[in-house]
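Right, one structure below, let's go through it.
4 protein chains.
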Amino acid sequence: MKKFGFIIVLLVVSSGLLYAQSRRIINIPNISGYQTLKCDLHMHTVFSDGTVWPTVRIEEAWNEGLDAISITDHIEYRPHSIDVVADHNRSYDLAKPLADQSDILLIKGAEITRSMPPGHFNALFITNANLLELDDVQDAVKEARDQGAFLMWNHPCWDAQQPDSVLWWDEHSYFFENDMLHGIEVYNWEFCPEALDWANEKMLTMLGNSDVHGPMDVNDGHRPLTLVFAKSRTIGGIKEALFDGRTAVYFDNTIVGRSEFLEPLFFQSLEFKKTPLKLKNKESKVVKITNNSDVDYELELVQPGVGFDAPETITLKAHHVSALSLSGNSDEVANSGSLDVYYRVNNLLTGVDDPLVVTFTFRNN
Amino acid sequence: MKKFGFIIVLLVVSSGLLYAQSRRIINIPNISGYQTLKCDLHMHTVFSDGTVWPTVRIEEAWNEGLDAISITDHIEYRPHSIDVVADHNRSYDLAKPLADQSDILLIKGAEITRSMPPGHFNALFITNANLLELDDVQDAVKEARDQGAFLMWNHPCWDAQQPDSVLWWDEHSYFFENDMLHGIEVYNWEFCPEALDWANEKMLTMLGNSDVHGPMDVNDGHRPLTLVFAKSRTIGGIKEALFDGRTAVYFDNTIVGRSEFLEPLFFQSLEFKKTPLKLKNKESKVVKITNNSDVDYELELVQPGVGFDAPETITLKAHHVSALSLSGNSDEVANSGSLDVYYRVNNLLTGVDDPLVVTFTFRNN
Amino acid sequence: MKKFGFIIVLLVVSSGLLYAQSRRIINIPNISGYQTLKCDLHMHTVFSDGTVWPTVRIEEAWNEGLDAISITDHIEYRPHSIDVVADHNRSYDLAKPLADQSDILLIKGAEITRSMPPGHFNALFITNANLLELDDVQDAVKEARDQGAFLMWNHPCWDAQQPDSVLWWDEHSYFFENDMLHGIEVYNWEFCPEALDWANEKMLTMLGNSDVHGPMDVNDGHRPLTLVFAKSRTIGGIKEALFDGRTAVYFDNTIVGRSEFLEPLFFQSLEFKKTPLKLKNKESKVVKITNNSDVDYELELVQPGVGFDAPETITLKAHHVSALSLSGNSDEVANSGSLDVYYRVNNLLTGVDDPLVVTFTFRNN
Amino acid sequence: MKKFGFIIVLLVVSSGLLYAQSRRIINIPNISGYQTLKCDLHMHTVFSDGTVWPTVRIEEAWNEGLDAISITDHIEYRPHSIDVVADHNRSYDLAKPLADQSDILLIKGAEITRSMPPGHFNALFITNANLLELDDVQDAVKEARDQGAFLMWNHPCWDAQQPDSVLWWDEHSYFFENDMLHGIEVYNWEFCPEALDWANEKMLTMLGNSDVHGPMDVNDGHRPLTLVFAKSRTIGGIKEALFDGRTAVYFDNTIVGRSEFLEPLFFQSLEFKKTPLKLKNKESKVVKITNNSDVDYELELVQPGVGFDAPETITLKAHHVSALSLSGNSDEVANSGSLDVYYRVNNLLTGVDDPLVVTFTFRNN
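Take a look at the structure:
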């Protein structure tokens, strides 16, 4: 019997696999002048303490409908380094071709990883991660800044670093005052109320990221996201928006951000007819409101309308039509040109205890 | 101790309950010149052999996102008549106020119910159901026609009436030739291929209905529907469209209808960029196709492109973005102004074995 | 052409339809000496202000895996009486044959319906509902008691009857002291804390029911249920258990009841190995706990173990295996014969602010 | 300002993360004398052409409820070798501690990877993967055999290796006849009918595996599995069962295997009462059958009962109770001591066109 069995050249299937799966759509609307980009700016691979290859991060981003990600492997913590031998730019370089092919914006990043203070900082839009490997954290952060980086304080609420309290240290003031701290994670595994307070006080850019280490598992939901309100769907567009503070943080069924972004986001999610209601005393009229977004908006009445009643609470369910029923309770209502209803949106937060308040104005006559 | 306990006037909660639930949206697009109305034109209540009150049919229609329904209680079969005492117009009259309040179009109908031939006929757009209670089925159908009714043959494939074969009887020819048979159920509990053949041969209007008797249970799906391509969202608009044959039948993940409706329905479901691909030999380009409809379109390549390869099969998943990858396989492709790809859409049927064939034309240069 | 079209005798399909659907299984274990029967003892049909035919209630009970129901149509409130003409026993009589065929225990009941006080009372196990139609509520309740009825106060928290407060009136004391009030609804549309307090103070039987009027919609969940710990799966067994107070109330992911029932229910839900752990200082051992019930048990540590640490919180997810990790923190642990861990089960409530506390005892040596 | 920011020792969280998630239960029953172990014996990591770290394979196995896995990285194909530098035993060594901690049986394996013939072979239960790196495939397979390996032919239907036909080559006969081919993948990404035929003809052990390269994504389902009927839940128990051919292949809602295993698997999944039915002519009796397994069994009547009718088709839905209705159609039925009903189970396959036929025997008197 003749010999057989040559060692073969296999088909490399990975580059085509991306297109075996369909890409979800995250339905969060654009707002006037800006595209709303869905970004996750904190994650790891086997090149630090993660457990997936960099290309997996692109495949996940494609599948889940993201616009942009940053792989932010730790500079100082690489537990797989016995087996995985490469410099700090390698995870970016390995992911970039698939990112380009699938139109995912890949932002070059790294995580500067220290004990508290100052804790962990992500440096985004860097040009060379290897130069960040410096003993002194100030030197490392300064190097990142000199590369043009956007710098953010990661997970200030992480109890492994601050078990008993969540403090802003002198070190953070130092970085903040020297243009080396531009943003803060308001969400990373959990919501961090202190971070939201500081973001509002100091006008830090708000971020919400997954910090995923293993394979991403989103089931029917979505990972935590930084919504970036960008002038263009480009890396430059994201950078400009981050430095300008134009973000919101989307986790579970909640969005946190400044009212100037949340209010248009809310109304751009909705459709309802503008025809006059012609509401009269002792009559009811129904406004059908279509919510085209993925968010179930949870509304609570702030103050009764003038001359009419509106429901105390109503949920505008995602991708459904809700019926808002208004009932006239005085004769004057028939003469009102328009009807104003004020609702608190309990899952749109501008501050820790500050849900967004919105005004619906319906034409009446 | 004083006496207590007066018999009370209860709050009537039913009229408000409608608005406790959100209304789904059925995402099937409009086509040029027509609104695509989602209609179920065959169902029952306790006023014949159903087990729900007529208002339940309106609540279900609201919840599921329907535009129009017809309650078609049997004239001749009323097994609850010992307890439920009313004339044949009663189920319509009881449902109408809630229909109006919730903007569901309620078409007055009834089911003329006989053994085969001719089986069961729905009469839609009638004015007085009581007048259809006549011994002779010809007289009953004639009365319906004289009221202006659209008349349809229900579930020709129902094995309780035709156990061994599905036949078109002389009786059906008689009705058809005398303007007393305008449509046929292509779907009722199951797809009826013979009905589709007859609809195509005789230009009968195609219908697909639930014929629901108990509470509707749609889980995460949708009930079988008649899609009506109407000039306006009115009862008159539906009537005009039905008599003109402008319908399609939507069940499970399949739509059956004439190609003049299915083709625009398909392309109106999709979005993709029109920028030139600039495909060259030995290169690949990806067209990202967004499917905004609820239907997963299942495509199978009919014939290879000229100068390029396209996938043999691809599913355009509902509410997802799919990536169609084209690969140049000859030098001429670089000179083509546009690239044509021909796909069979296996779940859009124009005939029993006739899936719709569609042509994608992508600009290349 | 010859005449055709006889009025036909249709197949009556309803009696067979029951078996077209599979029956779910509600996984709540039996406890020592008792079967845990899943019961809903409050619901309506078209024979009062409901919107479904009585047989629908049996079909729903079959599909959802219930053991017993009671149809409790209002004696005093029958808004459909223009069309639906029957006496108060009729809904029971119509449902009974299908109940027998499908082995659902159907308890004859009615709702005595008055303004507050005393509000609405369900009378269960009655023999003739017509005799309850009496002007004076005392007479009506007395008649029920004389028929051997178990009497319960329905939805004491219903804000249509008690908008600003939830009170126990003299009338309730009167009924309670005269053997005419045996149970109270702790859950009906919502949890009623006052009812739970009264049930505990006065040893009233706790009930949780759906009070469903329209078609039941349980999606992937379950309706609110009264769990009855009965000596036999019979109507007599349920009656004996109700009068003896052997019930718990199961809604959403919560069970409310006395600890004598909740504790065995909890431990009967679980399986884990009894082999010695041999835990030593600075080592960890994992106990794998299988939860065979439908309830996700949410545990919170009450007090640390002696010589070892256990997780602060752990969820024992329904139909999953959870890993409880114990870590030795002193040398003595190696000598312990058994390890006790105390957890609060936050969704098993014995009182309004009293979650059940359970002790896990693991053999160590 | 003083300097700050030491490089820190991070908490290593990965070893504890396993227990953050609950473990599913795969409900496929044991059969007499054997435990039914759920095994996936073919998968990859970054140490060949996979994209996850070896520990991920253990976490996935824990989460999904598997008993045993084998990581079978390619010997000859390691596209990440520029970055990932290690020998062929490394993926096993990295996964083993977590496997032990979580009680997942980890079988040492490797994939010998050649063009067709003979294609790809998995060697399971090897002792040193490095010794398999040999130019001649016969030498490599022989080395594996000498290490005591169970050897299987992987994915014979893979069209990248056999695009136009699925052939058994002389090389396979050579290996088969020389104790170097013991099993064959009947399922790998797709069902391979030829493999099932060969398994039956030659008594090869049937296997069904995931061959997963990226993160496992099972949604609500399960990955393809080899069901191993083992005398003990040990690696030795699995090895003995594999060499003895005691397996079945479980994919989607289908199980493929020999009838001696499928029949007891089917009946061990079911519960029904043994009390006599006492069926008489013109009466119906219902047998309630509880299916405790995860498989929806799809039954089709093979031949009518003697003296009674049974449903033509019935689905015994997973974790539900189904009602099998028997109707007497002759007077003799009342005298039958027992009633036999023969069903084909369309999703239990003993051969390509050979569904398992089962006999239900119900006591009648």
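Protein chains in written order, with full-length UniProt numbering: chain A, 1 to 365; chain B, 1 to 365; chain C, 1 to 365; chain D, 1 to 365.
We put the CB at the ideal spot given by N, CA and C, even for glycine.
Test: residue i CB closer than 8 Å to a CB of chain D
{"i": "V321(C)", "result": "yes"}
{"i": "W189(A)", "result": "no"}
{"i": "R90(A)", "result": "yes"}
Residue i (DSSP reduced to helix, strand or coil)
{"i": "T55(C)", "result": "helix"}
{"i": "H172(D)", "result": "helix"}
{"i": "R24(D)", "result": "strand"}
{"i": "S232(D)", "result": "coil"}
{"i": "F362(A)", "result": "strand"}
{"i": "W198(C)", "result": "helix"}
{"i": "F272(C)", "result": "coil"}
{"i": "K317(B)", "result": "coil"}
{"i": "Y297(D)", "result": "strand"}
{"i": "S259(D)", "result": "helix"}
{"i": "I112(C)", "result": "strand"}
{"i": "G328(B)", "result": "strand"}
7 Å Cβ cut-off: residues of chain A touching residue i
{"i": "P215(D)", "result": "V52, V56, P215"}
{"i": "S22(B)", "result": "K317, H320, V321, S322"}
Cutoff 8 Å: residue i Cβ touching any chain A Cβ
{"i": "A123(D)", "result": "no"}
Proximity test, Cβ basis, 8 Å: residue i and chain B
{"i": "D83(C)", "result": "yes"}
{"i": "A86(C)", "result": "yes"}
{"i": "V46(C)", "result": "yes"}
Residue i versus residue j - alpha carbon distance
{"i": "S293(B)", "j": "V141(C)", "result": "57 Å"}
{"i": "N27(B)", "j": "R23(A)", "result": "18 Å"}
{"i": "A195(B)", "j": "L348(A)", "result": "52 Å"}
{"i": "L151(C)", "j": "A95(B)", "result": "36 Å"}
{"i": "S338(B)", "j": "F360(B)", "result": "10 Å"}
{"i": "K317(B)", "j": "E64(B)", "result": "21 Å"}
{"i": "L105(B)", "j": "A99(B)", "result": "7 Å"}
{"i": "T127(A)", "j": "S322(B)", "result": "33 Å"}
{"i": "I31(B)", "j": "L262(A)", "result": "34 Å"}
{"i": "T50(D)", "j": "V56(D)", "result": "Note that residue 50(D) corresponds to Gly in the displayed sequence, not to Thr. Between G50(D) and V56(D), the C-alpha separation is close to 11 Å."}
{"i": "D146(D)", "j": "L132(D)", "result": "11 Å"}
{"i": "R90(A)", "j": "D159(D)", "result": "34 Å"}
Contact list for residue i against chain D, beta-carbon separation under 8 Å
{"i": "I25(C)", "result": "T290, H319, H320, V321"}
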